[in-house]
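Scroll down for the structure; my scribbles are underneath it.
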Amino acid sequence: MNLGGVEITPNLLLFGALAGAIVLCAIGVVAFNNPIRSALCLVVNFFLLAFVYFSLNAETLGVTQIVVYTGAIMVLFLFVIMLLNLGAPVVLKEKADWKKAAGAILGLGLFAVVGSQVLPHFIGATQPHAMEGFGAPPVIGRALFTDYIFPFEAVSILLLVGIVGSILLAKRRV
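Read in the numbering used here, the sequence shown has 251 at position 129, and its numbers run on one by one without any break.
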């Protein structure tokens, strides 16, 4: 089936469904007043993004997304939220609620401007195909340890400094 010159495939339908769910979860992250609900929306968002990677045959990126972001970072976020005992913030009522309307209008305007610039490039475009071995561990490892060795080592040193700094801060408080 063709729609505007683009062939509708099951993979495209799956991507559309996942993208719609990702957008809804992203809205939930910023819309909920309760930080636990926002964090759970972010967890679901990370899982859905991993499913997008899996649907594109990038299994390594999908597993990394689940392990690193969903597993490690969100556990850290939830621990911080629970340790700080954050509840829903106190909502102050304003007399004029024009700021929300202005924000919505500006957001829709920005969405329209970006869409008007991006959409013409997709009409009549062919379906992109992934390179052979895209997302495979040997390809990622070869790229990390040849072309990107300096940024890889810089990030590892930065992580080491962060770990040592957090240990020193924790020891000072005890």
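Cβ atoms here follow ideal geometry from the backbone N, Cα and C, with glycine treated the same way.
These figures come from a predicted structure and were not determined experimentally.
Which same chain residues end up closer than 6 Å to L146 when comparing Cβ atoms and leaving out the 5 residues on each side of it in sequence? none
DSSP state of E181, grouped into three classes? helix
Taking the alpha helix (DSSP H) that A265 falls in, what are its first and last residues? P259 to T268
Between the C-alpha atoms of G263 and L198, what's the straight-line distance to the nearest angstrom? 27 Å
N155 - DSSP class collapsed to helix/strand/coil: coil
Put E129 into one of helix, strand or coil per three-state DSSP. strand
Express the C-alpha separation of Q187 and E129 in angstroms, rounding to a whole number. 29 Å
Here's the rule I'm using: 16 or more other beta-carbon atoms within 10 Å means buried, otherwise exposed. How should A141 be labelled? exposed
Could you tell me the alpha carbon to alpha carbon distance between A108 and G284, rounded to whole angstroms? For the chain, the structure presents residues 123 to 296; residue 108 sits outside this window and is missing.
Proximal residues to I203 (C-beta, below 7 Å), its chain only, five neighbours per side dropped: P157, I158 and A161
Contact set for I144: own chain, Cβ-Cβ below 8 Å, skip 5 residues either direction: N167, L170, L171 and V174
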